[in-house]
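What follows is one structure encoded as C-alpha cells, with my remarks underneath.
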Amino acid sequence: SQTIHQWPATLVQPVGSPLSLECTVEGTSNPNLYWYRQAAGRGLQLLFYSVGIGQISSEVPQNLSASRPQDRQFILSSKKLLLSDSGFYLCAWRRGRANEKLFFGSGTQLSVL
Amino acid sequence: AQKITQTQPGMFVQEKEAVTLDCTYDTSDPSYGLFWYKQPSSGEMIFLIYQGSYDQQNATEGRYSLNFQKARKSANLVISASQLGDSAMYFCAMRDRGGGGADGLTFGKGTHLIIQP
Chain F
1 SQTIHQWPAT LVQPVGSPLS LECTVEGTSN PNLYWYRQAA GRGLQLLFYS
51 VGIGQISSEV PQNLSASRPQ DRQFILSSKK LLLSDSGFYL CAWRRGRANE
101 KLFFGSGTQL SVL
Chain Z
114 AQKITQTQPG MFVQEKEAVT LDCTYDTSDP SYGLFWYKQP SSGEMIFLIY
164 QGSYDQQNAT EGRYSLNFQK ARKSANLVIS ASQLGDSAMY FCAMRDRGGG
214 GADGLTFGKG THLIIQP
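Taken in order, these protein sequences are the chains called F and Z. Using our numbering, the first residue of the first sequence is number 1, and each one after it goes up by one. Using our numbering, the first residue of the second sequence is number 114, and each one after it goes up by one.
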C-alpha cells in the first residue's frame, strides 16, 4: 500500500532563517506531487507541483521554492523566511491519471516569529 | 472568479441529525471531478467522496452522499445520522482540465461543522 510521510509536524523559526520541509511517498512510482499551504481558517492554496524528477511548477509567486531530487521525494524550501510564510503546509500525491483523488500527508505547522 | 464556493463558514448540528454542506462550482470544462475532504483538528486531510461530471448517479460512501445537481453546478455533501466524530472542517474541491497545476485540486474555503450532543 502507498503511504506519504511529511516532517516535521511542527516548526517554529525566526524571520530570516532558512526552511526545509520534506515529503516522501512510498509504494508507488512516478507520482504527481504537490505542496499546498493553508492559512489559519482558510482553504488550501496550491504552491508547487511536480510531474517528475527535477520538474517543478510554481502556482503563485512567493518566497518559497521546491525541489524533487528523487522520484518520491518533494522538498519545500526558503532561504529567508518571512512572517507571512506562517501556515499549515500539506504535501500530497496522486497517480498520474485523471480524476484520481489526492492523498495528503499529515502536514507541518510552521510558525515564523 | 472563485471556482469553488462554500457559503457556510460554520454550522452547528444536533447529534444524529442529517447535515447538508453546500458547495457550488464554476467551470466551462465538460469533464471535471468533484471531491469532498474532511479535516479534523489534527490537520490531516481525509478523502470522503468523489463525483465525476459524467457519472449518472449521485455518489455514496457509507453515511456520506453527494447531492450532485449538474445544471445548478452544485455538489452538496450530505452526512446522514451525524456523530460527534463528524465535527471537523469540510472542504469541497474540484479538478478540471482548465485548472492548471498538473490537475491538482482547487479547494473551497471550507465549512466548520460542529456536532452537538
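All C-beta atoms in this analysis are idealised placements derived from N, C-alpha and C, irrespective of residue type, glycine included. All values derive from a computational prediction rather than experimental measurement.
9 Å Cβ cutoff, residue i in contact with chain Z
i, result
"Gly-43 (chain F)", "yes"
"Asn-30 (chain F)", "no"
"Ala-191 (chain F)", "With chain F covering 1 to 113 only, the question about residue 191 (chain F) has no answer from this structure."
"Phe-88 (chain F)", "yes"
"Gly-40 (chain F)", "Residue 40 (chain F) is actually Ala in this sequence, not Gly. No, because no Cβ of chain Z sits closer than 9 Å to the Cβ of Ala-40 (chain F)."
"Glu-26 (chain F)", "no"
heavy atom of the ligand MN below 8 Å from residue i C-beta
i, result
"Gly-105 (chain F)", "In the structure on display, the ligand MN does not appear, and there are no ligands present to speak of."
Endpoints, the beta strand (DSSP E) within which residue i is located
i, result
"Glu-22 (chain F)", "19-26"
"Val-132 (chain Z)", "132-134"
"Pro-8 (chain F)", "From DSSP, Pro-8 (chain F) is part of no beta strand (DSSP E); its letter is neither H nor E."
"Tyr-167 (chain Z)", "Taken as a continuous stretch (DSSP letters only), Tyr-167 (chain Z) belongs to no beta strand (DSSP E), as it is neither H nor E."
"Val-51 (chain F)", "44-52"
"Ala-231 (chain Z)", "Since the first and last residues shown for chain Z are 114 and 230, residue 231 (chain Z) lies out of range."
"Gln-109 (chain F)", "108-112"
Euclidean distance between Cα positions of residue i and residue j
i, j, result
"Lys-186 (chain Z)", "Arg-208 (chain Z)", "14 Å"
"Val-25 (chain F)", "Gln-38 (chain F)", "21 Å"
"Thr-118 (chain Z)", "Gln-182 (chain Z)", "15 Å"
"Gly-198 (chain Z)", "Gln-229 (chain Z)", "10 Å"
"Leu-64 (chain F)", "Lys-80 (chain F)", "9 Å"
"Ile-75 (chain F)", "Phe-160 (chain Z)", "23 Å"
"Val-60 (chain F)", "Lys-101 (chain F)", "22 Å"
"Val-15 (chain F)", "Leu-83 (chain F)", "6 Å"
"Ala-184 (chain Z)", "Leu-134 (chain Z)", "18 Å"
"Ser-195 (chain Z)", "Pro-18 (chain F)", "44 Å"
"Lys-222 (chain Z)", "Arg-95 (chain F)", "25 Å"
"Lys-151 (chain Z)", "Leu-190 (chain Z)", "11 Å"
"Ser-200 (chain Z)", "Gln-13 (chain F)", "31 Å"
"Gly-123 (chain Z)", "Pro-153 (chain Z)", "14 Å"
For residue i, the nearest candidate out of the options (CA to CA)
i, options, result
"Ile-227 (chain Z)", "Z:Phe-220, Z:Gly-217, Z:Tyr-203, Z:Leu-218", "Z:Tyr-203"
"Tyr-89 (chain F)", "F:Asn-32, F:Ser-57, F:Val-15, F:Ala-40", "F:Ala-40"
"Leu-46 (chain F)", "F:Gly-52, F:Ser-58, F:Gly-54", "F:Ser-58"
"Asn-32 (chain F)", "Z:Gln-170, Z:Pro-122, Z:Gly-221, Z:Gly-217", "Z:Gly-217"
"Tyr-145 (chain Z)", "Z:Pro-230, Z:Thr-219, Z:Gly-223, Z:Ala-131", "Z:Thr-219"
"Gln-62 (chain F)", "F:Phe-48, F:Arg-72, F:Phe-74, F:Glu-22", "F:Phe-48"
"Asp-139 (chain Z)", "Z:Cys-205, Z:Leu-179, Z:Thr-173, Z:Thr-224", "Z:Cys-205"
"Ser-193 (chain Z)", "Z:Lys-116, Z:Asn-180, Z:Arg-176, Z:Ser-155", "Z:Arg-176"
"Thr-28 (chain F)", "F:Pro-18, F:Gln-55, F:His-5, F:Arg-72", "F:Arg-72"
"Leu-110 (chain F)", "Z:Cys-136, Z:Gly-156, Z:Thr-224", "Z:Gly-156"
"Ala-92 (chain F)", "Z:Met-158, Z:Thr-137, Z:Met-124", "Z:Met-158"
"Tyr-34 (chain F)", "F:Val-112, F:His-5, F:Asp-85, F:Ser-86", "F:His-5"
"Gly-54 (chain F)", "F:Val-12, F:Glu-22, F:Ala-66", "F:Ala-66"
"Gly-87 (chain F)", "F:Thr-3, F:Val-51, F:Trp-7, F:Leu-11", "F:Leu-11"
"Gly-52 (chain F)", "F:Gly-105, F:Asn-30, F:Thr-108", "F:Asn-30"
"Gln-70 (chain F)", "F:Leu-113, F:Val-112, F:Cys-23", "F:Cys-23"
Neighbouring residues, chain F, relative to residue i (Cβ below 9 Å)
i, result
"Met-124 (chain Z)", "Going along chain F, no residue has its Cβ under 9 Å from Met-124 (chain Z), so there is no contact; the nearest lies around 15 Å."
"Ile-181 (chain Z)", "Residue identity differs from the one stated: residue 181 (chain Z) is Phe in this sequence, not Ile. The premise fails here: Phe-181 (chain Z) is roughly 14 Å from chain F at the closest Cβ pair, so nothing lies under 9 Å."
Chain-ordered neighbours of residue i on chain Z, where CB pairs are closer than 8 Å
i, result
"Ser-114 (chain F)", "A query on residue 114 (chain F) cannot be resolved here, the shown segment of chain F reaching from 1 to 113 and no further."
7 Å Cβ cut-off: residues of chain Z touching residue i
i, result
"Gly-107 (chain F)", "Gly-156, Glu-157"
Residue i: contacting residues in chain F (beta-carbon distance under 7 Å)
i, result
"Leu-218 (chain Z)", "Leu-102"
is_contact[residue i, chain F] using C-beta, thresh 9 Å
i, result
"Phe-160 (chain Z)", "yes"
"Ala-206 (chain Z)", "yes"
"Tyr-150 (chain Z)", "yes"
"Ile-117 (chain Z)", "yes"
Neighbouring residues, chain F, relative to residue i (Cβ below 8 Å)
i, result
"Gly-221 (chain Z)", "Gly-43"
Chain A within 9 Å of residue i, Cβ atoms only
i, result
"Glu-22 (chain F)", "Absent from the structure is chain A; the protein chains it does hold are F and Z."
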